[in-house]
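Worksheet for the structure shown next.
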Amino acid sequence: MSNEHAVIVGASHASAQLAATLRQSGWEGNISLVGEEAIPPYHRPPLSKGYLAGEKHSDELLIRPATFYEKTGIDLVLGTRVTAVDPRNKTITLHDGGSIPYGKLALTTGARVRKLDLPGHDQEGVFYLRDLNDVDRIRGFIGPGKSAVIIGGGYIGLETAASMRKLGMEVTVLEALPRVLQRVTAPEVSAFYSRVHGEEGVNIITDAAVQALEGDGTVKGVQLADGNRVAADLVVIGVGVLPDTDLAETAGLEVDNGIVVDEFARTSDPDIVAAGDCTNHYNPIYERRLRLESVQNATDQAKTAANTLCGKLENYHALPWFWSDQYDLKLQIAGLSQGFDRVVVRGSADSGRSFAAFYFCGDRLLAVDAVNRPKEFMAVRRALTQGQSADPVKLADESVDIQQAFTQ
Amino acid sequence: MPLIRFIQHDGAEQEVHVAPGTSVMHAAIDNGVSGILADCGGACSCATCHCYVDEAWQEKTGEADEVEQQMLEFVMDYQPNSRLSCQVKVGDELDGLVVRLPKSQI
Numbered sequence: 001m002s003n004e005h006a007v008i009v010g011a012s013h014a015s016a017q018l019a020a021t022l023r024q025s026g027w028e029g030n031i032s033l034v035g036e037e038a039i040p041p042y043h044r045p046p047l048s049k050g051y052l053a054g055e056k057h058s059d060e061l062l063i064r065p066a067t068f069y070e071k072t073g074i075d076l077v078l079g080t081r082v083t084a085v086d087p088r089n090k091t092i093t094l095h096d097g098g099s100i101p102y103g104k105l106a107l108t109t110g111a112r113v114r115k116l117d118l119p120g121h122d123q124e125g126v127f128y129l130r131d132l133n134d135v136d137r138i139r140g141f142i143g144p145g146k147s148a149v150i151i152g153g154g155y156i157g158l159e160t161a162a163s164m165r166k167l168g169m170e171v172t173v174l175e176a177l178p179r180v181l182q183r184v185t186a187p188e189v190s191a192f193y194s195r196v197h198g199e200e201g202v203n204i205i206t207d208a209a210v211q212a213l214e215g216d217g218t219v220k221g222v223q224l225a226d227g228n229r230v231a232a233d234l235v236v237i238g239v240g241v242l243p244d245t246d247l248a249e250t251a252g253l254e255v256d257n258g259i260v261v262d263e264f265a266r267t268s269d270p271d272i273v274a275a276g277d278c279t280n281h282y283n284p285i286y287e288r289r290l291r292l293e294s295v296q297n298a299t300d301q302a303k304t305a306a307n308t309l310c311g312k313l314e315n316y317h318a319l320p321w322f323w324s325d326q327y328d329l330k331l332q333i334a335g336l337s338q339g340f341d342r343v344v345v346r347g348s349a350d351s352g353r354s355f356a357a358f359y360f361c362g363d364r365l366l367a368v369d370a371v372n373r374p375k376e377f378m379a380v381r382r383a384l385t386q387g388q389s390a391d392p393v394k395l396a397d398e399s400v401d402i403q404q405a406f407t408q
Numbered sequence: 409m410p411l412i413r414f415i416q417h418d419g420a421e422q423e424v425h426v427a428p429g430t431s432v433m434h435a436a437i438d439n440g441v442s443g444i445l446a447d448c449g450g451a452c453s454c455a456t457c458h459c460y461v462d463e464a465w466q467e468k469t470g471e472a473d474e475v476e477q478q479m480l481e482f483v484m485d486y487q488p489n490s491r492l493s494c495q496v497k498v499g500d501e502l503d504g505l506v507v508r509l510p511k512s513q514i
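Protein chains in written order, with the numbering used here: chain U, 1 to 408; chain P, 409 to 514.
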């Protein structure tokens, strides 16, 4: 392995980790990290929070400073789009017609936004929010007193709403389903977030069917199917992402809701690994295949992939976890709640701003959504990692220390 | 520029100079000190930047706030001098700070 050229495609959380772990694990050959954007890999979560609000500079977003890559001999090839992978000749083709040969290839292509094909979507002032460039453009349209309409009541939409509200804007969130966060949380948690956003002055409209984006080349408002209209100086669409599998497909790799990888992050080609949002992988804790959109998965799976390339096969066996910051709410999620049939709440979701919702399927604890409850988050993350479940009665009883609630 | 001495679980040492105001977490990440993961990038959300502040420096680094303390209770191998390194900012008064790293973050 040692003197081969490792090429990592996609500048992201996963690629930054993959490159660093390759060096830590003893990769002696050249490492090239090829990214479409002009800057080194950066933290994406602050984009909808501190960076949007102007509290952070882009330099502060970098996962590692440019000097780190120089010192460790990782060649950053930025501003470069890869258009195809040729696994037979082991080369990648670049947008300018050039090519780079590889010994081993890592795909960390991430995900791209799901687009809405609405009438009027191509006007000025209509945005998606995925990368730094998106937010830089959005920042040209925001300011106190301006009106924003957010289409999509998921985490990105709600975080964006909170950031814009903090800037003194009028904010409306349009959610197509009956409640916000419907795909990812219990009704109790959705109701909590709706309440807090209402208290903070955000107008949330659920069951909203968007008919068109109105304007004269610059967006002016959103027309709903029920006849209502919401005025807008800008519209941000956050309706989910799709795995970026185009390159994997050019390489003829197996793709099924993400690039299919095994427990060692290997694709169907022996010289190509993949990691992060773009992969479809097996999770041994939940005993099913998953595609995750998270920093945790990007970094942990990248370590597995890097070690695989270095000849150290280690099963990818990680508990998924997530976080979302809105206003003074620190939401931390451990585990995956999908498939739950019961929710137990510790504290109150109906008043105040601190509670934890525990998700069960039968007797099995699946996950926790912890709002301003870092102790509950940490306790469940550890318990689930160790394969423990919990007693729902004890979890719901605040007089019982959380540590006493877990069972083998 | 303040100097921080990182001591790995296996005894390996690394010294780095950082600009005043840098967190111990960023000092480690920016200089390739392994053993600090910092998945959340300093949002005090993940507890993967756990470290031990050398006892001689504990007073100067101050105490963890409530959120940090609640998370620390559940890190691997918690000790009274455990801190989340993203929450420890290094000024000139911490020049020479000694930080030990745990065997594992999670």
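Note that CB positions come from ideal geometry on N, CA and C, so glycine has one too.
Classify M378/U: buried if its beta carbon has 16 or more other beta carbons within 10 angstroms, exposed otherwise.
Translated into the one-based positions of the first sequence, residue 378/U becomes position 378. When all chains shown are included, M378/U counts as buried.
Against W27/U, what residues of chain P qualify as contacts under a CB-to-CB distance less than 7 Å, listed in chain order?
Here the question's residue 27/U lines up with position 27 in the first sequence. Chain P residues near W27/U: none, gap ~14 Å exceeds 7 Å.
Once DSSP output is grouped into helix, strand and coil, what is the label at S490/P?
Along the second sequence, read from residue 1 onward, the residue named residue 490/P stands at position 82. DSSP places S490/P in the strand class (E or B) of the three-state scheme.
Looking at C-beta atoms only, is the number of pairs between the stretch 87-100 of chain U and the stretch 172-184 of chain U that lie closer than 8 Å three or more?
Contact fails between the stretch 87-100 of chain U and the stretch 172-184 of chain U, because fewer than three Cβ pairs, one in each stretch, are under 8 Å apart.
Rounded Cβ spacing between Y102/U and V196/U (contact assumed at less than 8 Å):
Sequence index remark: in the first sequence, residue 102/U carries index 102 (1-based). Sequence index remark: in the first sequence, residue 196/U carries index 196 (1-based). No, Y102/U and V196/U are not in contact; Cβ-Cβ is about 48 Å, not under 8 Å.
Counting only C-beta atoms, is F414/P closer than 8 Å to chain U at any point?
By 1-based counting over the second sequence, the position of residue 414/P is 6. F414/P does not count as touching chain U.
Mapping DSSP to helix, strand and coil, what is T160/U?
By one-based count along the first sequence, residue 160/U stands at place 160. It is helical.
Segment limits, alpha helix (DSSP H) that includes Q422/P:
Translated into positions along the second sequence, residue 422/P becomes position 14. Element bounds for Q422/P: not the alpha helix (DSSP H) but the beta strand (DSSP E), E421 to H425.
Cα separation between G26/U and D438/P?
The count along the first sequence starts at 1 and reaches residue 26/U at position 26. The count along the second sequence starts at 1 and reaches residue 438/P at position 30. About 19 Å.
Would you identify the three-state DSSP class for I205/U, choosing helix, strand or coil?
On the first sequence, residue 205/U is found 205 positions in, with the first residue counted as 1. Residue state, collapsed to three classes: strand.
Residue range of the unbroken beta strand (DSSP E) whose run includes D86/U:
Here the question's residue 86/U lines up with position 86 in the first sequence. Where D86/U is concerned, the enclosing beta strand (DSSP E) stretches over V82 to D86.
Apart from the five residues on each side of it in sequence, which residues of its chain come closer than 6 Å, Cβ to Cβ, to V149/U?
Against the first sequence, residue 149/U aligns to sequence position 149. In the same chain as V149/U, and ignoring 5 residues on each side of it, the C-beta atoms closer than 6 Å to its own belong to T172, V222, V230, A232 and V235, in chain order.
Kindly identify the DSSP beta-bridge partner or partners of V34/U.
To locate residue 34/U, count along the first sequence from 1; it is residue 34. Paired residues: V9/U and V77/U.
Segment contact flag, the stretch 275-293 of chain U with the stretch 103-121 of chain U, C-beta cutoff 8 Å, min 3 pairs
yes
Taking C-beta to C-beta, are L107/U and V202/U nearer than 8 Å?
For this step, residue 107/U is matched to residue 107 along the first sequence. For this step, residue 202/U is matched to residue 202 along the first sequence. Not a contact, by the Cβ cut-off of 8 Å.
Measuring only the C-alpha atoms, how far is Q513/P from S147/U?
Along the second sequence, one-based indexing puts residue 513/P at 105. Along the first sequence, one-based indexing puts residue 147/U at 147. Each residue's alpha carbon lies about 43 Å from the other.
Could you tell me which residues DSSP pairs with D325/U in its beta bridges?
One-based indexing of the first sequence puts residue 325/U at position 325. Beta-bridge pairing links D325/U to K330/U.
Of the residues that make up the stretch 464-478 of chain P, which ones have a beta carbon closer than 7 Å to any beta carbon in chain U?
V475 and Q478
So which residues of chain P does Q24/U contact, with C-beta pairs closer than 7 Å?
If you number the first sequence from 1, residue 24/U lands on position 24. Result: S442.
Same chain, Cβ closer than 7 Å to K312/U, five either side skipped, listed in chain order
As a working note, residue 312/U is residue 312 in the first sequence. For K312/U, where only same-chain residues beyond five positions count, the Cβ hits under 7 Å are S25.
Buried versus exposed, by CB contacts within 10 Å (16 or more), P270/U:
The residue given as residue 270/U occupies position 270 in the first sequence. Answer is exposed; the Cβ neighbour count stays below 16.
Endpoints, alpha helix (DSSP H) assigned at N297/U
Residue numbering aside, residue 297/U sits at position 297 when the first sequence is read from its first letter. Taken as a continuous stretch (DSSP letters only), the alpha helix (DSSP H) holding N297/U covers V295 to L309.
Taking Cβ positions only, does D438/P come closer than 8 Å to chain U?
Mapped onto the second sequence, residue 438/P falls at position 30. Yes - at least one Cβ of chain U is within 8 Å of the one on D438/P.
So the candidates are R373/U, A16/U, G73/U and N307/U; which of them puts its Cα closest to the Cα of I39/U?
Along the first sequence, one-based indexing puts residue 39/U at 39. Comparing Cα positions, the closest option is A16/U.
Could you pull the start and end residues of the beta strand (DSSP E) that Q477/P belongs to?
Looking up residue 477/P in the second sequence gives position 69. No beta strand (DSSP E) holds Q477/P; the alpha helix (DSSP H) holding it covers E474 to L480.
Reducing DSSP to helix, strand and coil, say where A191/U ends up.
For this step, residue 191/U is matched to residue 191 along the first sequence. In this structure, A191/U counts as helix in the three-state DSSP scheme.
Quick one: residues in its chain with C-beta nearer than 8 Å to the C-beta of T469/P, no 5 flanking neighbours on either side, listed in chain order?
Residue numbering aside, residue 469/P sits at position 61 when the second sequence is read from its first letter. Only V461, R491, V496, L502 and L505 meet the Cβ criterion.
I need the boundaries of the alpha helix (DSSP H) containing T218/U, first residue and last residue.
Numbered from 1 along the first sequence, position 218 holds the residue referred to as residue 218/U. That residue, T218/U, is in no alpha helix (DSSP H); it is neither H nor E in DSSP.
With 9 Å as the C-beta to C-beta threshold (strictly closer), list the residues of the stretch 308-321 of chain U near chain P in chain order.
A318, L319 and W321
Taking only three categories from DSSP, how would you classify D122/U?
Residue 122/U sits at position 122 when you count from the first residue of the first sequence. In the three-state reduction of the DSSP assignment, D122/U falls in the coil class, being assigned neither a helical nor a strand state.
Relative to chain P, which residues along the stretch 66-80 of chain U have a C-beta separation below 8 Å, given in chain order?
Listed by position, the residues of the stretch 66-80 of chain U near chain P (Cβ gap below 8 Å) are T67, F68, K71 and T72.
Collapsed DSSP secondary structure at F264/U in the structure displayed:
On the first sequence, position 264 is the one that residue 264/U refers to. If DSSP states are grouped into helix, strand and coil, F264/U belongs with coil.
Give me, in chain order, the residues of the same chain whose beta-carbon lies closer than 6 Å to that of G153/U; leave out the 5 immediate sequence neighbours on both sides.
On the first sequence, position 153 is the one that residue 153/U refers to. V173, E175 and V180.
N133/U, enclosing alpha helix (DSSP H) - first and last residue
Here residue 133/U corresponds to residue number 133 of the first sequence, with the count starting at 1. In the DSSP assignment, N133/U falls within the unbroken alpha helix (DSSP H) covering L132 to R139.
Check whether the Cβ of E423/P lies closer than 8 Å to any Cβ atom in chain U.
Your numbering for residue 423/P matches position 15 in the second sequence. So, not an interface residue.
Cβ-based neighbour list, T72/U, same chain, cut-off 6 Å, excluding 5 preceding and 5 following
Along the first sequence, one-based indexing puts residue 72/U at 72. Contacts found: R23.
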